[in-house]
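Undergrad:
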Amino acid sequence: VCSLMLNLDLMEFSEPGIFNYSTLLLSEKGDALYVGAREAVFELSKKNVTVRNNKVSKAMKMCTLKGKSKERDCLNYIRVLQVVDNERLYVCGTHAFQPQCDYLNLADFSLVGQPEDGRGKCSFDPSQSFTTVMVDGELYSGTAYNFLGSEPIISRYSPYQSLLRTEYSTSWLNEPSFVFADVIRERKNKADGEDDKIYYFFTEVSVEYEFFGKLLIPRVARVCKGDLGGQRTLQKKWTSFLKAKLVCSMPELNFVFNVVHDVFILKGTDWKDTVIYGVFTSQWGNVGLSAVCAYSLTALEDVFSKGKYMQKTTVEQSHTKWVRYNGITPTPRPGACINNLMRQQNISSSLHLPDKTLQFVKDHPLLEDPVLPIGNGPRLITKDVNYTQIVVERVRALDGKIYDVIFTGTDKGVLHKSVVFDEEVHIVEEIQLLKNSEPIKNLLLSSETRSLYAGSDSGVVQSPTEFCGRYPSCNDCVLARDPYCAWDPHTAACVTVFDTPNQRLIQSLNGDADKCPSGEEQHVHIGILGSSEQHLF
Ligand SMILES: *[C@@H]1O[C@H](CO)[C@@H](O)[C@H](O)[C@H]1NC(C)=O
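In this note's numbering, each number is its position in the sequence shown, counted from 1, plus 1399.
(1) Check whether the Cβ of residue 1810 lies closer than 7 Å to any heavy atom of ligand 1, and answer yes or no.
(2) Thinking just about the alpha-carbon of each residue, which of 1555, 1740, 1903 is nearest to the one in residue 1797?
(3) What does a CB cutoff of less than 8 Å around residue 1413 pick up in its chain, not counting 5 residues either side in sequence?
(4) Cβ of residue 1841 within 7 Å of any heavy atom in ligand 1?
(5) If you follow the beta strand (DSSP E) that residue 1504 is in, where does it begin and where does it stop?
(6) Going straight from the alpha carbon of residue 1934 to that of residue 1875, what length do you get?
(7) Quick check: the Cα distance between residue 1757 and residue 1478, rounded to an integer number of angstroms?
(8) Give every residue whose Cβ lies closer than 7 Å to any heavy atom of ligand 1, listed in chain order.
(9) If we call anything under 8 Å between Cβ atoms a contact, is residue 1814 one with residue 1830?
(10) In this structure, does DSSP put residue 1862 in helix, strand or coil?
(11) Examine the Cβ distances between the region 1761 to 1780 and the region 1707 to 1715 and report whether three or more of them are shorter than 8 Å.
(12) Please name the residue in 1635, 1672, 1737, 1751 whose C-alpha comes closest to that of residue 1593.
(13) For the candidate residues 1657, 1511, 1487, whose alpha-carbon lies nearest to that of residue 1505?
(14) Measuring alpha carbon to alpha carbon, tell me which residue in 1752, 1741, 1693, 1699 is nearest residue 1772.
(15) Give the range of the alpha helix (DSSP H) segment to which residue 1762 is assigned.
(16) Counting only the same chain and skipping the five closest in sequence on each side, list residues whose C-beta sits under 6 Å from that of residue 1525.
(17) Among 1658, 1717, 1667, which one has its Cα closest to the Cα of residue 1690?
(18) Ordered along the chain, which non-local residues of its own chain (more than five positions away) have a Cβ less than 7 Å from that of residue 1518?
(19) From which residue to which residue does the beta strand (DSSP E) around residue 1853 run?
(20) Can you list, in chain order, the residues of its chain with a C-beta nearer than 7 Å to that of residue 1561? Leave out the 5 residues immediately preceding and following it.
(21) Can you give the Cα-Cα distance for residue 1676 and residue 1565, rounded to whole angstroms?
(22) Is it true that the region 1781 to 1795 meets the region 1805 to 1821, where meeting means three or more beta-carbon pairs spaced less than 8 Å apart?
(23) What are the residues that DSSP puts in a beta bridge with residue 1642?
(24) What does residue 1383 pair with, by DSSP beta-bridge criteria?
(25) Mind checking which residues open and close the alpha helix (DSSP H) that includes residue 1428?
(26) Measuring straight from C-alpha to C-alpha, what distance separates residue 1819 and residue 1801?
(27) Which one or two residues does DSSP pair with residue 2022 in a beta bridge?
(28) Can you tell me whether residue 1727 is helix, strand or coil according to DSSP?
(29) From residue 1490 to residue 1458, what does the alpha carbon distance come to, in whole angstroms?
(30) Please state whether DSSP places residue 1743 in a helix, a strand or coil.
(31) Tell me which same chain residues have a C-beta within less than 7 Å of the C-beta of residue 1865, skipping the five on either side of it?
(32) Cutting at 6 Å between CB atoms, please list the residues of its own chain near residue 1720, excluding the five before and the five after it.
(33) Under the three-state reduction of DSSP, which class applies to residue 1375: helix, strand or coil?
(34) Classify residue 1705 as buried or exposed, calling it buried when 16 or more other Cβ atoms lie within 10 Å of its own Cβ.
(35) Between 1877, 1892, 1891, 1889, which lies nearest to residue 1914 when the distance is taken from Cα to Cα?
(36) Does DSSP put residue 1697 in a helix, a strand or coil?
This is the structure:
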């Protein structure tokens, strides 16, 4: 990528002595971006992150950790920030390897001061992976349940009912690195009374492949929101936990991207249009390739509702092997959510599921059928970068068509903006988002403020989603092929399409500059912020 880094005048926030601004939460209604850092939670204006409206410190009062460095280990890294209701946030921190959670009152921005055990909700170690999502006041998390990080758990904490969790077994979770979780609402969209589902994305060590050493596999797992556990079998455990492999590979080159780093769920107006985007690298990091793969929600659903199960067998006494299960599967289908059909059979909750179904799903949480990406391969492959974060915005361009615009952040503080066209992906621009060459730890997008927010160890940066104003000529503006930008011949400026009445604007997403007023000085398109190179193989 050839790029010219300009001074972008991005808005930045950091405070002296405070680090690790890795947890971000956008308020949907108010003008707030909540930021969890080391020993502090901030409320910034989402219109302008340089404006700090509130702060609360959450330092360790006393810390006596034997054999640990006080400077590094006696600290409280705020890792979980979730909205409970209009008045409160739920906040968890690592709290010197004894995770704790508390409520934060938004009215006066103070912690309630009745700490709850944060085990299973937040990681112990700030460098351990974890993910959480709050759904209707209940916290779904994926993290480690112990100090060593050797007991992974996917669980639900609820003020209304008892804890629900995964079975402690390598068939369920095997050294996972959690990256993302979110809810897909189906209950209100489907006629069959299907439940809402929580999807988890992670990389784990494969059990199903014979491999010298540890072979990593990217996974999607899902649980049903209405799950209450089983009556006898799987008591207080998920009855709906199933997982499958995510495929992101180039079959023609026999190359596999097997580590997922981040996922973004682009929710369509119709739930069926939902697309799941993930950024991947390979376990063999020396190849220096990153990929973006996209999956349709219907493809995921098909695997979970119809896929074949895998079964563990013992061969030659001690050796175990996973093979496809070809026997008869019990009914109702193991791992399925409760729907109207089951309700008609008097199974109105998971507590009524027959033992046969429960025992089966307990032993067979892994599906054989993988989830294949849209187009059977990556949407985007980039050389010499490590993508760490992804967000996607769906926009309507002047041609009336809908485009998915992908923003990917790297481990060097760089942001790529790419547009998915029918046959190709085009990198519109590359910008140095962070001043230092450090990883983008978190990336959020707000269509309302038309901004991206990046969190890193040293601060928070806000960037516009477009830099149309920086294209000096019609040719530059059009050749950028940015669906956000168009040339306005009346003001002779490259403008944001959302700001200007459409009729007179010039935009051509296939990069055809013939429509530009003739006589304009022919600029060589150098891509003021990036390049127009193709990054597809
Ligand atoms: C926190 O930030 C400091 C300073 O940038 C960095 O050295 C450290 O690795 C970070 N810790 C974590 C757990 O991210």
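Don't be surprised by glycine CBs; every beta carbon is placed ideally from N, CA and C.
TA: Quick look at the numbers:
(1) Working through the sequence shown from its first residue, we reach residue 1810 at position 411. No; taking the cut-off as 7 Å, the Cβ of residue 1810 has no heavy atom of ligand 1 nearer than that.
(2) Counting from one through the sequence shown, the residue named residue 1797 turns up at place 398. If we check each option's Cα against that of residue 1797, 1903 comes out closest.
(3) Translated into positions along the sequence shown, residue 1413 becomes position 14. Excluding sequence neighbours, residue 1413 sits near 1420, 1857, 1858, 1859.
(4) By 1-based counting over the sequence shown, the position of residue 1841 is 442. Residue 1841: no, Cβ never under 7 Å from ligand 1.
(5) The count along the sequence shown starts at 1 and reaches residue 1504 at position 105. 1499 to 1504 is the span of the beta strand (DSSP E), which, as asked, contains residue 1504.
(6) Taking the sequence shown and counting its residues from 1, one reaches residue 1934 at position 535. Taking the sequence shown and counting its residues from 1, one reaches residue 1875 at position 476. Residue placement at residue 1934 is flagged as unreliable, the pLDDT there being 35, under the threshold of 50; the coordinate-derived value follows with that caveat. Each residue's alpha carbon lies about 20 Å from the other.
(7) Position 358 of the sequence shown, counted from the start, is the residue given in the question as residue 1757. Position 79 of the sequence shown, counted from the start, is the residue given in the question as residue 1478. For residue 1757 and residue 1478, the distance between alpha carbons rounds to 34 Å.
(8) 1418, 1419, 1421, 1437, 1476, 1525, 1526, 1856, 1857
(9) Position 415 of the sequence shown, counting from 1, holds the residue named residue 1814. Position 431 of the sequence shown, counting from 1, holds the residue named residue 1830. For residue 1814 and residue 1830, yes; Cβs fall inside 8 Å.
(10) Taking the sequence shown and counting its residues from 1, one reaches residue 1862 at position 463. Residue 1862: strand per DSSP, three-state reduction.
(11) yes
(12) Here residue 1593 refers to the residue found at position 194 of the sequence shown. That would be 1737, whose Cα lies nearest to the Cα of residue 1593.
(13) Looking up residue 1505 in the sequence shown gives position 106. If we check each option's Cα against that of residue 1505, 1487 comes out closest.
(14) Position 373 of the sequence shown holds residue 1772. Checking every option, the nearest Cα to that of residue 1772 belongs to 1693.
(15) Indexing the sequence shown from 1 puts residue 1762 at position 363. That run of the alpha helix (DSSP H) goes 1754 to 1762.
(16) Walking along the sequence shown from the start, residue 1525 turns up at place 126. So the list reads 1476, 1493, once near-sequence residues are dropped.
(17) The residue labelled residue 1690 in the question sits at position 291 within the sequence shown. Of the candidates 1658, 1717, 1667, the one whose C-alpha sits nearest the C-alpha of residue 1690 is 1658.
(18) As a working mapping, residue 1518 is identified with position 119 in the sequence shown. Within the same chain, residue 1518 has close Cβ partners 1498, 1544.
(19) Mapped onto the sequence shown, residue 1853 falls at position 454. 1850 to 1854 is the extent of the beta strand (DSSP E) around residue 1853.
(20) As a working mapping, residue 1561 is identified with position 162 in the sequence shown. Excluding positions up to five away in sequence, the list reads 1635.
(21) Within the sequence shown, the letter at position 277 stands for residue 1676. Within the sequence shown, the letter at position 166 stands for residue 1565. Each residue's Cα considered, the two are about 26 Å apart.
(22) yes
(23) Locating residue 1642 in the sequence shown gives position 243, where the first residue counts as 1. Answer is 1620, 1765.
(24) Absent from the model: residue 1383. The displayed extent of the chain is 1400 to 1936, so no value can be given.
(25) On the sequence shown, position 29 is the one that residue 1428 refers to. First-last for residue 1428: undefined, no H or E at that position.
(26) For this step, residue 1819 is matched to residue 420 along the sequence shown. For this step, residue 1801 is matched to residue 402 along the sequence shown. Their Cα atoms are separated by approximately 10 Å.
(27) Since the first residue shown for the chain is 1400 and the last is 1936, residue 2022 is missing from the structure and cannot be characterised.
(28) As a position in the sequence shown, residue 1727 is number 328, starting the count at 1. Coil, per DSSP.
(29) As a working note, residue 1490 is residue 91 in the sequence shown. As a working note, residue 1458 is residue 59 in the sequence shown. Near 13 Å, if we compare the C-alpha coordinates of residue 1458 and residue 1490.
(30) Here residue 1743 refers to the residue found at position 344 of the sequence shown. It is helical.
(31) For the purposes of this step, residue 1865 is taken as residue 466 along the sequence shown, with counting starting at 1. Counting only Cβ-Cβ distances below 7 Å, and skipping sequence neighbours, we find 1881, 1883, 1884, 1895.
(32) For this step, residue 1720 is matched to residue 321 along the sequence shown. Cβ neighbours of residue 1720 beyond the five flanking positions: 1712, 1714.
(33) Look at the range of the chain in this structure, 1400 to 1936, and you will see that residue 1375 is not part of it.
(34) Stepping through the sequence shown from its first residue, residue 1705 is reached at position 306. With fewer than 16 Cβ atoms within 10 Å of its Cβ, residue 1705 is classed as exposed.
(35) Residue mapping note: residue 1914 aligns to position 515 of the sequence shown, counting from 1. Comparing Cα positions, the closest option is 1877.
(36) Here residue 1697 refers to the residue found at position 298 when the sequence shown is read from its first residue. Residue state, collapsed to three classes: helix.
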